[in-house]
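If you read the sequence shown in numbering that gives the first Met the number 0, its first letter stands for residue 0, the second for the next number, and so on. Notes follow the structure.
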Amino acid sequence: MLDFAKKISEYSEEMFADLGLAVLPEEKKADMYARVQEHIHQVILESLAGAVDGVKLRKIKEALEEENYIAVDKLLKHRQELKTSLEDKIDSEFKKFKALVLNEQSEGKI
Numbered sequence: 000m001l002d003f004a005k006k007i008s009e010y011s012e013e014m015f016a017d018l019g020l021a022v023l024p025e026e027k028k029a030d031m032y033a034r035v036q037e038h039i040h041q042v043i044l045e046s047l048a049g050a051v052d053g054v055k056l057r058k059i060k061e062a063l064e065e066e067n068y069i070a071v072d073k074l075l076k077h078r079q080e081l082k083t084s085l086e087d088k089i090d091s092e093f094k095k096f097k098a099l100v101l102n103e104q105s106e107g108k109i
């Protein structure tokens with residue numbers, strides 16, 4: 000099972016630790032967590048766009064909007080290869096996202 004909530008939390012913690020963001024005020028931390036979450040949702044939807052039918056994709060989008068990650072996993076339960084590919088894509092895209100945040104940090108935007 001892909002645990003998207005756990006991934007989002009782990010990625011946020013990793014970014015806070017690696018980029019020294021732990022000292023940010025709680026409001027900014029919450030904003031950063033939301034950005035990580037939104038980024039992962041976007042990667043999931045883009046990755047699945049051509050791999051699942053429109054009805055299933057709409058249900059996945061609705062589940063993501065509700066942060067119902069168990070429902071997303073259930074909708075993909077018979078697609079283990081797709082889930083593995085999706086997890087790899089999420090990991091890869093997070094590295095790019097982290098680099099973007101590092102750049103924003105160096106420019107004083109964070």
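Think of the CB as a built atom: it goes at the ideal place given N, C-alpha and C, for glycine as much as any other residue.
Using a C-beta cut-off of 8 Å, the segment 50-57 makes no contact with the segment 6-14, since fewer than three inter-stretch Cβ pairs fall below that distance. In this structure, residue 39 keeps its C-beta atom at 8 Å or more from the C-beta atom of residue 5.
A distance below 8 Å separates the beta carbons of residue 100 and residue 14. In this structure, 97 is the residue among 77, 97 and 65 with its C-alpha nearest to the C-alpha of residue 18. Judged by DSSP in its simplified three-state form, residue 40 adopts helix. If you draw a 10 Å sphere on the C-beta of residue 29, you find fewer than 16 other C-beta atoms in it, and that means exposed. In this structure, 43 is the residue among 37, 43 and 16 with its C-alpha nearest to the C-alpha of residue 88. Non-local C-beta neighbours of residue 93 in its own chain, meaning closer than 7 Å and more than five positions away in sequence, comprise 10, ordered along the chain. Going by DSSP, residue 18 is part of no alpha helix (DSSP H) at all; its letter is neither H nor E.
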